[in-house]
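Visitor:
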Amino acid sequence: MAKSKYSLSETQITKRIKDGRGSGSGTDYSPWVRVDEVPSLGRSRQVYSHLTKRIHHLLSDLEFAVFLLLDNNPSVTDIREQFPLIRDDTRDIARENDLLHPANNGVDMVMSSDFLVDSTDKSEPKFVLQAKYTDSLDDARIVEKLEIERRYWKQKELPWYLVTEREIDPVAKANIDWLYVVKGELESGDKVLTASSLAMFKAAVADNPGLNIIELCKAIDRAYDLELGESLYDLRVLCASRVITFDVRKPFRKLSGRDFTCHELESLGGAVNVAS
1 MAKSKYSLSE TQITKRIKDG RGSGSGTDYS PWVRVDEVPS LGRSRQVYSH LTKRIHHLLS
61 DLEFAVFLLL DNNPSVTDIR EQFPLIRDDT RDIARENDLL HPANNGVDMV MSSDFLVDST
121 DKSEPKFVLQ AKYTDSLDDA RIVEKLEIER RYWKQKELPW YLVTEREIDP VAKANIDWLY
181 VVKGELESGD KVLTASSLAM FKAAVADNPG LNIIELCKAI DRAYDLELGE SLYDLRVLCA
241 SRVITFDVRK PFRKLSGRDF TCHELESLGG AVNVAS
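The sequence shown begins at 1 in the UniProt record's numbering and counts up one residue at a time.
Following this line, the structure appears as structure tokens:
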């Protein structure tokens with residue numbers, strides 16, 4: 001659900017439904033909430049997924065971490081973020097269980113779950129995740145809304161899980177903190193630099209696939225007369241923009257060249273210009 005209060009009128013809600021928000025799957029899915037429409041906790045992001053072939057809207061660092069773990073999970077086949085709950089159903093649940101339904105300015109809000117996930121796992125082919133920071137769970141109102149959501153998915157007979165920062169793999173968290181703090185974004189004018197950096201990295205990996213990533217980047221710096229650390233920074237930017245991907249559950253500094261997957265820029269469309 002949204003990370004801070006925001007208001008929608010009945011007219012706006014009707015328009016979002018008419019526009020197909022919260023519907024579709026895979027490439028065609030459109031999230032109910034987008035990053036430019038609601039305040040967020042931490043850094044909101046628009047992130048490209050090579051699984052779904054579209055940009056995902058993530059409203060917090062925690063959502064981003066959960067998304068990367070899902071996107072790197074080979075059993076996951078689709079990820080739908082900011083997935084809306086049927087308002088008539090959440091209203092009924094709230095009324096029947098003496099819970100206060102979320103509302104702003106006299107309008108009952110459409111609640112949403114952070115992730116609806118499809119999987120090849122036969123025991124859980126579809127499940128739902130809600131990402132919350134532990135300190136937010138001290139707020140009785142947040143817990144009340146979570147209870148409405150939990151009961152909603154129980155009615156739909158889908159597994160629902162609450163995920164906090166404590167459930168995030170510490171290695172994955174360290175990778176995310178290190179990689180995605182890079183300052184600057186891939187603006188349109190940087191595409192030549194990005195293309196050349198990608199080409200240099202691919203060539204180096206082809207020559208030395210088993211070389212440790214830090215040593216590999218040092219070799220690139222020497223080969224192309226770059227300042228020490230320049231190619232490593234470029235690699236961070238490429239990974240943050242998901243032009244290059246790797247398993248975030250593995251310590252970055254222990255990876256070798258063969259642990260990285262390079263994607264063609266053309267396959268990303270305009271996604272390389274997305275803030276990271």
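Think of the CB as a built atom: it goes at the ideal place given N, C-alpha and C, for glycine as much as any other residue.
#1: For PHE260 and LEU158, I'd like the C-alpha separation in whole angstroms.
#2: Between the beta-carbon of ASP135 and the beta-carbon of GLU63, is there less than 8 Å?
#3: Determine, using beta-carbon pairs with one atom in the stretch 78-89 and one in the stretch 46-63, whether at least three such pairs fall under 8 Å.
#4: Could you name the residues that DSSP lists as bridge partners for ILE13?
#5: On the DSSP bridge list, what partners appear for ASP118?
#6: Look up ARG253 in the DSSP assignment and say whether it is helix, strand or coil.
#7: Taking DSSP as the reference, what is the three-state secondary structure of LEU8?
#8: What residues in its chain sit with their C-beta under 7 Å from that of ARG150, if we drop five residues either side in the sequence?
#9: What's the C-alpha gap between PHE83 and GLU96?
#10: My guess is that LEU179 and ALA240 are in contact by the Cβ rule of under 8 Å, so how many angstroms apart are they, rounded?
#11: By a C-beta neighbour count over all protein chains shown, 10 Å radius and 16 as the cutoff for buried, is VAL272 buried or exposed?
#12: If you drop the 5 nearest sequence neighbours on each side, which residues of the same chain put their C-beta closer than 6 Å to that of ILE148?
Guide: In short, the structure shows the following:
#1: Using only the alpha carbons, I get a separation of about 34 Å.
#2: no
#3: Three or more beta-carbon pairs drawn from the stretch 78-89 and the stretch 46-63 are found closer than 8 Å, and the two stretches are therefore classed as touching.
#4: Per DSSP, none; premise fails for ILE13.
#5: ASP78 and LYS126
#6: In the three-state reduction of the DSSP assignment, ARG253 falls in the helix class.
#7: Three-state result, LEU8: coil.
#8: TRP160
#9: 23 Å
#10: Yes, LEU179 and ALA240 are in contact; Cβ-Cβ is about 6 Å, under 8 Å.
#11: Unreliable placement is indicated for VAL272, whose pLDDT of 49 sits below 50; the coordinate value is still reported in the next sentence. VAL272 comes out buried.
#12: THR90, ILE93, ALA94 and LEU99
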